[in-house]
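Asker: As they're listed, the protein sequences go chains A and B.
Residues in the first sequence are numbered consecutively from 132, following the numbering used here.
Residues in the second sequence are numbered consecutively from 55, following the numbering used here.
Quick one: the structure is below, and I'll ask about it shortly.
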Amino acid sequence: MRNLNHWLADIYRRHHGDLVRFAARLVGNRDGGEEVVQNTYLRLAGRSADAVLIEHPKTYIFAAARNAAIDFTAQQNAEWLYRVDFEDIDALAQGEDPSRAFHHRQRIVRLAVLLNELPTACQTVFLLNKVEGRKHREIARRLGISVSMVEKHIMRALVHCRDLMRDDGEF
Amino acid sequence: MSLDAHDRKHPSKALSDEALAWIVRLYSGEASKADWMDFGVWRARSAAHEAAAAEAESLWSDASELYRDPATGLIRPGRRKSVVSRRAVITGLAGIGVGTAGLWAAGAFRSLSADQTTSVAEIRAVPLADGSVVTLNAMSAIDIDYSPAARRIALMEGQAFFEVAPDASRPFEVKVRGNIVSALGTAFDVNSNLPRGNVAVSVTEHAVRVRPPGLSLSNDGIVVSRDEGVVVAADGAIGPVTRQDGAAASAWRTGTYVVEGRPLEEVVAALGVYRRGWIVIHDQGLKSLNVNAVLDLRASDVLETLARGLPIRIFEMSPLLTVISRA
């Protein structure tokens with residue numbers, strides 16, 4: 132336990148400021164960021180010492196903060212997360228497992244947080260294409276960038292989300 | 055969790071990157087149906103390809119309900135409270151989906167307006183008032199117009215075999231895509247299930263007269279006799295009269311498809327009316343592949359049987375979409 136506390140203290144000294152800035156970017160404001168980072172420390176402190184034999188402490192603590200930010204966002208969107216929309220009722224009436232819709236929304240929450248890590252331009256291009264359904268060519272014209280840059284942004288967003296979605300449930 | 059466990063659980067990043075690049079291309083707003091077919095072929099290459107494709111697709115579909123909160127600039131889960139009306143989202147299978155819906159819509163319309171119709175894999179003999187019999191192949195439709203002066207049948211869709219009761223005072227005519235096929239005391243087969251709007255007429259007994267649309271009144275068209283056949287193109291051009299076994303041409307009536315020296319696309323069109331959904335030939339060059347075969351139309355594995363004798367591979371992409379590609 133002493134080891135773990137030393138370790139956390141070391142993290143705090145070296146990375147606390149960066150961690151709060153990182154978390155704030157994921158959840159939207161400094162207060163939220165502080166809360167997320169406190170939750171991260173609490174969660175790690177609750178672990179047994181040998182569970183935290185970590186090669187890359189900095190990577191580890193940032194990943195833990197990311198997961199705490201996802202939980203924080205899920206809480207903030209609890210109403211949405213558990214709500215059943217009219218458009219879902221047909222599916223439910225046809226016997227679709229309601230927990231599937233819930234898991235789907237949990238993944239959406241996670242994606243929202245992961246996308247917030249990316250540069251704004253990358254986010255904007257991704258949303259224009261994926262959510263608004265704009266064509267690559269149209270986005271390029273609108274933002275004054277090349278079509279190949281549009282493709283690179285979308286690819287970057289997908290690769291980033293793919294990598295971090297694969298880590299799902301590690302903490 | 056160790057890195058090894060990850061590697062076992064997920065397809066490699068290189069393969070996954072390829073799958074994501076497909077997604078980027080397919081949802082660019084300018085992907086063609088051919089691109090979708092190519093993706094289908096790509097994902098069918100191995101179990102790992104399929105897993106990478108499935109992972110990429112679920113990632114893409116999960117990202118559907120997101121919006122940027124104007125107050126914080128943050129991306130949030132959920133739908134934006136309709137600030138602007140949402141544009142039609144680029145739907146992945148637009149090309150295929152719309153096409154299929156179109157096909158089925160046409161079918162639905164047809165069955166409302168036609169006198170006699172058959173559905174997928176259904177063959178039916180329709181007795182007519184004068185003792186003649188029309189046998190409809192699957193997915194076919196006719197309109198019957200009998201008057202004291204004439205017996206007229208319109209083949210609106212598909213294929214039919216006609217056995218005509220003799221009645222010299224009332225000519226028996228089949229109208230198909232503007233062509234008039236007149237019986238000269240006879241049994242014959244008319245097939246409009248052909249690529250590019252072609253129509254084939256094959257004669258089993260006696261003879262028929264075939265008049266393409268747009269002929270002057272003085273032109274009587276051509277006469278096709280027993281064990282002969284002719285193909286009329288969509289523009290009315292009449293092909294050469296060829297020898298062909300009348301019994302083979304109408305063997306479909308007993309559930310057998312006999313094909314000799316015909317292109318693959320014609321064979322696929324003939325088999326297509328025996329199953330729901332689409333069969334798509336992926337490679338343009340394959341469409342003209344020469345086929346000789348005797349096939350059981352009712353066998354569910356008829357395509358696999360066909361593939362055994364040809365340099366082709368069959369991919370069941372979904373219950374509604376089968377892709378034929380080069381082996």
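Just so you know, even glycine gets a beta-carbon here, dropped at the ideal spot from N, CA and C.
This one's a predicted model, so the numbers in the text were calculated from it and none came from an experiment.
For a contact meaning CB atoms closer than 7 Å, what does G159 of chain A contact in chain B?
Answerer: T126, L128, listed in chain order.
Asker: Is any beta-carbon of chain A found at less than 8 Å from that of R97 of chain B?
Answerer: By this cut-off, R97 of chain B is not an interface position.
Asker: Okay, do the segment 305-316 of chain B and the segment 285-295 of chain B touch, 3+ Cβ pairs below 8 Å being the bar?
Answerer: Result no; under three Cβ-Cβ pairs closer than 8 Å.
Asker: Shorter than 8 Å from the beta carbon of G152 of chain A to some beta carbon of chain B?
Answerer: In the sequence under discussion, the amino acid at residue 152 of chain A is Arg, which differs from the Gly named in the question. Not an interface residue.
Asker: Counting Cβ pairs closer than 8 Å, one from the segment 192-208 of chain B and one from the segment 224-240 of chain B, do we hit at least three?
Answerer: In short, these stretches touch, since the Cβ pair count reaches three.
Asker: Could you say which of B:I333, B:V188, B:Y311 lies nearest to R54 of chain B if we only look at CA atoms?
Answerer: Past the edges of chain B, shown from 55 to 381, lies residue 54 of chain B, and the structure says nothing about it.
Asker: DSSP puts A179 of chain B in a beta bridge; with which residues?
Answerer: DSSP output for A179 of chain B lists B:T189 as bridge partner(s).
Asker: Give me the subset of the segment 76-94 of chain B whose CB atoms are less than 9 Å from a CB atom of chain A, sorted by chain position.
Answerer: Listed in sequence order: I77, V78, R79, Y81, S82, G83, E84.
Asker: Where does D202 of chain A fall in DSSP's three states?
Answerer: Of the three classes helix, strand and coil, the one that applies to D202 of chain A here is helix, per DSSP.
Asker: For the segment 236-305 of chain B, list the beta strand (DSSP E) runs that are entirely contained and at least 3 residues long, ordered along the chain.
Answerer: Correct list: 241-245, 253-259, 261-265, 276-279, 282-286.
Asker: What does the alpha-carbon distance come out to for the pair I129 of chain B and T255 of chain A?
Answerer: Looking at the two C-alpha atoms, the distance is approximately 10 Å.
Asker: Tell me, please, which residues DSSP counts as bridged to W332 of chain B.
Answerer: DSSP lists B:L375 as partners of W332 of chain B.
Asker: In chain order, what residues of the same chain lie with their CB nearer than 6 Å to the CB of P126 of chain A, ignoring the 5 residues before and after it?
Answerer: Residue 126 of chain A lies beyond the stretch modelled for chain A, which goes from 132 to 302, so this question has no answer here.
Asker: Could you spell out the range, first to last residue, of the beta strand (DSSP E) harbouring Q11 of chain B?
Answerer: Because chain B is modelled from 55 through 381, residue 11 of chain B falls outside the range shown and cannot be assessed.
Asker: At least one CB of chain A closer than 8 Å to the CB of Y200 of chain B: is that the case?
Answerer: Chain A contact via Cβ: absent.
Asker: So what's T171 of chain B in DSSP terms, helix, strand or just coil?
Answerer: Looking at T171 of chain B - three-state DSSP - the assignment turns out to be strand.
Asker: Would you give the residue range spanned by the beta strand (DSSP E) that Y213 of chain A belongs to?
Answerer: Here Y213 of chain A belongs to no beta strand (DSSP E); instead the alpha helix (DSSP H) covers 209-213.
Asker: To the nearest angstrom, report how far apart G163 of chain A and A196 of chain A are at their CA atoms.
Answerer: Each residue's Cα considered, the two are about 12 Å apart.
Asker: Which of the three DSSP states is assigned to L113 of chain B in this structure?
Answerer: L113 of chain B: helix per DSSP, three-state reduction.
Asker: Note down, in chain order, all residues in the segment 109-125 of chain B with a beta-carbon under 8 Å from any beta-carbon belonging to chain A.
Answerer: If the cut-off is 8 Å between Cβ atoms, the segment 109-125 of chain B has E109, A110, L113, W114, D116, A117, S118, E119, L120, Y121, R122, D123 near chain A.
Asker: According to DSSP, is A72 of chain B helix, strand or coil?
Answerer: Inspection of the sequence shows that residue 72 of chain B is occupied by Glu rather than by Ala. Helix at E72 of chain B.
Asker: At what residues does the beta strand (DSSP E) containing R133 of chain B begin and finish?
Answerer: Careful: R133 of chain B lies outside any beta strand (DSSP E) and carries neither H nor E.
Asker: If the cut is a Cβ gap below 8 Å, which residues of chain A does H458 of chain B touch?
Answerer: The first residue shown for chain B is 55 and the last is 381, placing residue 458 of chain B beyond what the model contains.
Asker: Kindly say whether L201 of chain A, judged by its beta-carbon, lies nearer than 8 Å to any beta-carbon of chain B.
Answerer: The displayed chain sequence assigns Ile, not Leu, to residue 201 of chain A. Not closer than 8 Å to any Cβ of chain B, the Cβ of I201 of chain A fails to qualify, so no.
Asker: Can you find the residues in the same chain that come closer than 8 Å, C-beta to C-beta, to D298 of chain A, ignoring five residues on each side of it along the sequence?
Answerer: The answer, listed in chain order, is A194.
Asker: Within the same chain, show all residues whose beta-carbon is closer than 7 Å to that of A303 of chain B, passing over the 5 residues directly before and after it, in chain order.
Answerer: If we look at A303 of chain B and ignore the five residues flanking it on each side, its Cβ neighbours are D243, S256, G283.
Asker: Could you check which residue in A:L157, A:V262, A:T171, A:R272 has the C-alpha nearest to that of Y143 of chain A?
Answerer: Selected option, being the one with the closest Cα: A:T171.
Asker: Quick one: which chain B residues come within Cβ less than 7 Å of A243 of chain A?
Answerer: Those within 7 Å of A243 of chain A in chain B are L120, I129, R130, P131.
Asker: Whose CA, out of B:D184, B:N245, B:E72, B:V235, lies closest to the CA of S194 of chain B?
Answerer: Selected option, being the one with the closest Cα: B:N245.
Asker: Applying the criterion that 16 or more other CB atoms from any shown protein chain within 10 Å of the CB defines a buried residue, is S201 of chain B buried or exposed?
Answerer: Answer is exposed; the Cβ neighbour count stays below 16.
Asker: So what's T126 of chain B in DSSP terms, helix, strand or just coil?
Answerer: T126 of chain B: coil per DSSP, three-state reduction.
Asker: Count the other CB atoms within 10 Å of the CB of H187 of chain A; is the residue buried (16 or more) or exposed (fewer)?
Answerer: Exposed is the call here.
Asker: Nearest to A68 of chain B by CA position, among B:D281, B:T189, B:H103, is which residue?
Answerer: That would be B:H103, whose Cα lies nearest to the Cα of A68 of chain B.
Asker: Short check: CB of V281 of chain A to CB of A288 of chain A, under 8 Å?
Answerer: For V281 of chain A and A288 of chain A, no; Cβs fall outside 8 Å.
Asker: Is it right to say E319 of chain B is buried, meaning 16 or more other beta carbons lie within 10 angstroms of its own, or is it exposed?
Answerer: Flag for E319 of chain B reads buried.
Asker: Work out the CA separation of P220 of chain B and A301 of chain B for me, nearest whole Å.
Answerer: Whole-angstrom Cα-Cα distance: 21 Å.
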